[in-house]
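Numbering-wise, the numbering used here puts 28 at position 40 of the sequence shown, and it's gapless, one number per residue.
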Amino acid sequence: MPGMRGLFIPGPTNVPQAVRLAMDIGMEDQRAPDLPAFTLPLFEDLKKIFKTRDGQVFVFPSSGTGGWEAAMTNTLNPGDKVLIARFGQFSLLWADMCTRHGLDVDVVDVPWGEGVPVELFAEKLKADKSYSYKAVLVTHNETATGVTSDVAAVRKAMDDAGHPALLFVDAVSSLASIDFNMDEWRVDICVSGSQKGFMMPAGLAIVCVSQKALGLRKAAILKRCYFDFEDMIKTNKDGYFPYTPPTQMLRGLRAAVDLLLEEGLENVFARHHRLAEGVRRAVAAWGLTLCAKAPKWHSDTVSAIVIPEGFDSSALVKHAYSRYGLSLGVGLNKVAGRVFRIGHLGDLNELMCLTALAGSEMAMRDMQIPVAAGSGVAAAEEYYRESAAKLLKKAA
Ligand SMILES: Cc1ncc(COP(=O)(O)O)c(C=O)c1O
C-alpha cells in the first residue's frame, strides 16, 4: 500500500525521527571508558520523568512485563499478601503473575470500564489491623479499557489507614503521557516500558524504585536472577550493566527523554489531554460510548469505544487495517468483539488524530455501523480549532 500507514494502537507508538536517527548508529563497546558519561546522566534525567529525587531508575532489556517481575521478586516473599483490583487485561495479567510467583493475591473484581475502587481499598486497608497486605498494586492506566485510576487517592487511603504496605504502580501506558508523581504519591515501585509514552520500540522495562522498596531486597527471597536489583545497583553505579545492554535503545531513549524534557512534561500532559478530548468528542458525535464508564475514568492515552450490539469490533479492526492501512486496537478478553481502541499517545498531533478518526469512521460505515459520515471528524476538528484558539489567546 503506498503512502503512510496509521499506527493508532496504544503502543508501540510512533517513533519520532530524532529517536530513530539516534538509534541508527554502529555497535558500541558496552565496556568503553566513556560509556558512563552517557549512561549516568541518562539515569538522572529519567528520574525527572518519574518526578522523583530519591528514587532509583533501572532500565532492563525487557518489555514492561519484566518490570512487574522485577518489582515483586526484589521486594516480596512467598505467601506475601497483595491487594489488586482487576478491571482489564493488564491488571488481570499482573494479578496472574503475582499468583504464579506464589503470592497470596486478594483480587477485587471490578466491572471492566471502572478503575481502582478506592473506597473499597480504604475499607480493606483499615480493616487490616495486622498489616497483612505487603503491597497494594495499582494499574494507573488500564490500556484494555481506556481507564485511568487515581493513584493519589490510593496513597491517601493507605495513609488514612496508617498502612505500611508498599505501593506499586503499573504506569506502562501512562508515564510520560499522563501526570505521574513518584515522590508526591510516595510510590514504591513504578513500572513502565519504552514503547508508549517514551515513543521507542518495545524492549526496555523502565522501573523506578523508592529507597524504602530498595531496602527490602536483601530480605526478599522470591526467586530472581536476571531482574535482581542488586546486580543492577552494583554495575549501574559506575554507568555499566550486569549484562550486554542494548546500546542503540539507550541512545534512542536519550533522544526521547530530550524530546520530552524540551517540550516540558506539563505540556506533554496537556497535549495528550487535548488530543484525547478531541477523540472523545468524535465518539460522542458518532452516538457511541466509551468503555470507561464515567469521565473520572477517561484515559488521555487510549479510548476504548463500544460498538453497537450485533457488530463485531474485531472484524472492524481487521477491515480498517486491510482496507485503509489503519491499525486500531482490538478488544481484549472480556471486551473482545465489543470495543475497538484508538491509541492517542506519544509522538502525536491533531492531524494524526483526525486520520485515526477518519479511518475509523470510514471503516465503521463500510461495516454498516450507523455513524454519520464526517460526524466524528467534524466534532474533533471543531474542538481542536477552538481549543487551539483559546491556547493561543492565553499565550498572547
Ligand atoms: C498497562 C499495561 N501494563 C503492562 C503491559 C505489558 O507490557 P509489555 O507488553 O511491554 O510487556 C502493557 C502492555 O500493553 C500495558 O498496557
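Cβ coordinates follow ideal geometry from the N, Cα and C atoms, glycine included.
Backbone secondary structure at residue i - three-state DSSP
| i | result |
| --- | --- |
| Gly325 | coil |
| Gln18 | coil |
| Tyr121 | strand |
| Ile394 | Outside the shown range of the chain, which is -11 to 384, sits residue 394, and nothing can be said about it. |
| Val160 | coil |
| Gly181 | strand |
| Val98 | coil |
| Pro24 | helix |
| His307 | helix |
| Pro283 | helix |
| Ser301 | helix |
| Phe(-4) | strand |
| Thr127 | strand |
| Ala132 | coil |
| Phe46 | strand |
| Ser375 | helix |
| Ser79 | helix |
| Thr61 | helix |
| Thr1 | coil |
| Glu111 | helix |
| Thr40 | coil |
| Asp12 | coil |
| Val104 | coil |
| Cys56 | Checking the displayed sequence, the identity of residue 56 turns out to be Trp instead of Cys. Trp56 falls in the helix class under three-state DSSP. |
| Asp148 | helix |
| Arg269 | helix |
| Val139 | helix |
Strand pairing of residue i, partner residues [DSSP]
| i | result |
| --- | --- |
| Asp84 | In DSSP, Asp84 forms no bridge with anything. |
| Lys69 | Asp92 and Tyr121 |
| Arg74 | Asp97 |
| Phe31 | Paired residue(s): none; Phe31 is not in a bridge. |
| Val290 | Gly331 |
| Ser165 | Its beta-bridge partners do not exist; DSSP assigns none. |
| Thr277 | Val294 |
| Leu154 | Ala123 |
| Ser315 | Leu(-5) |
Proximity to residue i [Cα-Cα], best of the options
| i | options | result |
| --- | --- | --- |
| Arg262 | Ile295, Arg242, Leu333 and Leu249 | Leu333 |
| Arg411 | Ser363, Ala73, His151 and Phe168 | With the chain covering -11 to 384 only, the question about residue 411 has no answer from this structure. |
| Ala115 | Asp148, Arg239, Thr63 and Glu32 | Asp148 |
| Thr127 | Phe(-4), Gly52 and Ser120 | Gly52 |
| Cys341 | Ile37, Glu265 and Ile194 | Glu265 |
| Ala83 | Asp158, Val323, Val267 and Ile295 | Asp158 |
| Leu253 | Pro(-10), Asn2 and Leu34 | Leu34 |
| Glu130 | Ala110, Met(-8) and Cys279 | Cys279 |
| Lys322 | Ala145, Met60, Ala59 and Leu80 | Leu80 |
| Arg(-7) | Val124, Ala258, Val93 and Ser315 | Ser315 |
| Phe26 | Ser291, Val256 and Lys225 | Lys225 |
| Val195 | Pro66, Gln44 and Ser291 | Gln44 |
| Trp274 | Gly331, Ala368, Met220 and Ser198 | Ala368 |
| Ala344 | Glu370, Val3 and Gly317 | Gly317 |
| Ile(-3) | Asn337, Thr289, Ile295 and Glu297 | Thr289 |
| Ile330 | Pro(-10), Pro29, Ala292 and Lys381 | Ala292 |
| Trp154 | Val95, Met220 and Thr63 | Correcting the residue type first, residue 154 is Leu in the shown sequence and not Trp. The candidate whose alpha carbon is nearest that of Leu154 is Thr63. |
| Leu91 | Ala110, Pro66, Lys306 and Met11 | Pro66 |
| Ile221 | Gln199, Met237, Arg239 and Gly240 | Gln199 |
| Arg143 | Ala59, Val175, Val160 and Ser118 | Val175 |
| Asn337 | Lys112, Asn2, Gly(-9) and Val197 | Asn2 |
| Leu238 | Phe48, Pro(-10), Gly(-1) and Gly(-9) | Phe48 |
| Val271 | Val365, Ala282 and Lys306 | Val365 |
| Pro113 | Ala346, Lys284, Gly150 and Asp171 | Sequence inspection shows Leu at residue 113; the Pro mentioned does not correspond to that position. It is Gly150 whose Cα lies nearest to the Cα of Leu113. |
| Ala324 | Pro29, Glu32, Met60 and Gln77 | Gln77 |
| Ala383 | Gly298, Val294 and Asn255 | Asn255 |
| Leu339 | Glu370, Arg353 and Leu320 | Glu370 |
* **Segment contact, 8 Å Cβ cut-off, at least three pairs: the region 146 to 165 with the region 178 to 194** => yes
* Asked: Where in the region 317 to 371 do unbroken runs of the beta strand (DSSP E), each at least 3 residues long, occur, reported from the N-terminal end onward?
  -> 327 to 331
* To do: Give a yes or no on contact between the region 305 to 313 and the region 227 to 247, applying the rule of three or more CB pairs nearer than 8 Å.
  => Output reads no: the region 227 to 247 does not touch the region 305 to 313.
* Asked: Is the region 188 to 205 touching the region -1 to 13, taking contact as three or more C-beta pairs under 8 Å?
  -> yes
* To do: List in chain order: all unbroken alpha helix (DSSP H) runs of 4+ residues lying wholly within the region 183 to 259.
  => 199 to 202, 217 to 224 and 235 to 251
* To do: Could you tell me whether the region 13 to 30 touches the region 202 to 222, using the rule of 3 or more Cβ pairs below 8 Å?
  => no
* Three CB pairs or more closer than 8 Å across the region 88 to 104 and the region 69 to 76 -> yes
* Asked: Are the region 349 to 363 and the region 247 to 254 touching by the rule of at least three beta carbon pairs closer than 8 Å?
  -> Per the Cβ contact rule, the region 349 to 363 is not in contact with the region 247 to 254 (fewer than 3 Cβ pairs under 8 Å).
* For the region 126 to 141 against the region 298 to 305, are there 3 or more C-beta pairs whose distance is under 8 Å? -> no
* Using 8 Å as the threshold, is the region 214 to 228 in touch with the region 55 to 71, meaning 3 or more CB pairs across them? -> yes
* Per the contact definition of three or more C-beta pairs closer than 8 Å, is the region 32 to 45 in contact with the region 363 to 379? -> no
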